[in-house]
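The next block holds one structure in the form of structure tokens; read it before the comments.
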Amino acid sequence: MDRRVDLSIAVVLVVAGLAWLYGASLIRRTESVDPIGESGFPIALGLLFVVGGLIIAVRVALSLRRSHQPAADGVDNTDEDAHPVSAKRPLLIWGACALWVLALEPIGFLLATPLLLAAELWLLEFRRPIPLVSVALVTTIALFVILDILLKVSLPVGPLAPFAGRVRL
Numbered sequence: 006m007d008r009r010v011d012l013s014i015a016v017v018l019v020v021a022g023l024a025w026l027y028g029a030s031l032i033r034r035t036e037s038v039d040p041i042g043e044s045g046f047p048i049a050l051g052l053l054f055v056v057g058g059l060i061i062a063v064r065v066a067l068s069l070r071r072s073h074q075p076a077a078d079g080v081d082n083t084d085e086d087a088h089p090v091s092a093k094r095p096l097l098i099w100g101a102c103a104l105w106v107l108a109l110e111p112i113g114f115l116l117a118t119p120l121l122l123a124a125e126l127w128l129l130e131f132r133r134p135i136p137l138v139s140v141a142l143v144t145t146i147a148l149f150v151i152l153d154i155l156l157k158v159s160l161p162v163g164p165l166a167p168f169a170g171r172v173r174l
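Here the sequence shown is numbered in this note's numbering, starting from 6 and rising by one per residue.
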């Protein structure tokens with residue numbers, strides 16, 4: 006059962022990556038000084054999906070091949086009872102990322118990002134509140150400083166727009 010789920014995820018990743026690459030090929034090229042161009046990131050993301058899906062498919066194929074051979078003595082290939090394998094957590098993390106993308110423009114980077122990071126840390130069973138909030142806030146501030154201030158990437162500010170002029174250098 007788990008192998009079929011893994012294989013279906015691999016197929017979805019490869020198909021999504023190929024669709025992403027096709028969409029990236031439709032991006033109109035402009036006369037830009039950017040060496041990567043407008044389609045550089047979409048192409049890299051599509052390739053990442055395709056390669057990731059292929060890696061998963063190869064791992065599933067190898068595990069199917071190995072499953073027909075007797076297991077070595079002393080090697081336990083079963084899941085631990087306390088930590089069974091489940092697709093629930095990765096799907097919830099993907100969902101949180103999708104919500105972050107949707108919330109980024111209306112509520113801004115500085116409000117959406119710590120919420121995303123706190124939710125993902127919670128999903129990864131990091132449950133102590135003070136370190137959870139501290140990690141989320143410090144990471145958000147570090148990303149903001151690197152992206153917005155140092156690299157001059159204009160991040161959405163949402164309702165903090167009246168204060169944005171004071172923060173930007």
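C-beta: ideal position from N, C-alpha, C; glycine also. As the structure is a prediction and not an experimental result, all values here were calculated from the model.
1) For a cutoff of 7 angstroms on Cβ pairs, would you count P95 as touching chain D?
2) Sort G28, S44, Y27 by Cα distance to T35 and report the nearest one.
3) Got a sec, what are the start and stop residues for the alpha helix (DSSP H) I98 sits in?
4) Quick one: what's got a C-beta closer than 6 angstroms to L26's C-beta in the same chain, skipping five residues either side?
5) Assuming A101 and P119 are in contact, meaning their beta carbons sit under 8 angstroms apart, how far apart are those beta carbons, in whole angstroms?
6) Along the chain, where does the alpha helix (DSSP H) containing V63 start, and where does it finish?
7) Could you tell me whether the stretch 54-61 touches the stretch 90-98, using the rule of 3 or more Cβ pairs below 8 angstroms?
8) Going by beta-carbon coordinates alone, are L115 and L152 separated by less than 7 angstroms?
9) Give me the Cβ distance between L128 and I154, rounded to the nearest whole Å; I'm assuming they're in contact under 8 angstroms.
10) Would you report the Cα separation of E110 and K157, rounded to the nearest angstrom?
11) Got a sec, what are the start and stop residues for the alpha helix (DSSP H) F131 sits in?
Put simply:
1) Looking for chain D here will not work: only one protein chain is present.
2) As a position in the sequence shown, residue 35 is number 30, starting the count at 1. The option with the nearest alpha carbon to T35 is S44.
3) As a working note, residue 98 is residue 93 in the sequence shown. Looking at the DSSP string, the run of the alpha helix (DSSP H) that includes I98 is 93-112.
4) On the sequence shown, residue 26 is found 21 positions in, with the first residue counted as 1. Counting only Cβ-Cβ distances below 6 angstroms, and skipping sequence neighbours, we find G51.
5) In the sequence shown, the residue the question calls residue 101 occupies position 96. In the sequence shown, the residue the question calls residue 119 occupies position 114. Not really, about 12 angstroms apart at Cβ, beyond 8 angstroms.
6) Here residue 63 refers to the residue found at position 58 of the sequence shown. It spans 45-72 - the alpha helix (DSSP H) in which V63 sits, taken as one unbroken run.
7) Judged by Cβ distances under 8 angstroms, the stretch 54-61 makes no contact with the stretch 90-98, as fewer than three pairs qualify.
8) Here residue 115 is taken as the residue at index 110 of the sequence shown, counted from 1. Here residue 152 is taken as the residue at index 147 of the sequence shown, counted from 1. No, the pair does not count as a contact, with Cβ atoms beyond the cut-off.
9) Taking the first residue of the sequence shown as 1, we reach residue 128 at position 123. Taking the first residue of the sequence shown as 1, we reach residue 154 at position 149. With a contact defined as Cβ atoms closer than 8 angstroms, L128 and I154 miss out at about 30 angstroms.
10) Here the question's residue 110 lines up with position 105 in the sequence shown. Here the question's residue 157 lines up with position 152 in the sequence shown. Answer to the nearest angstrom: the Cα atoms are 17 angstroms apart.
11) Looking up residue 131 in the sequence shown gives position 126. Per DSSP, F131 belongs to no alpha helix (DSSP H) and is neither H nor E.
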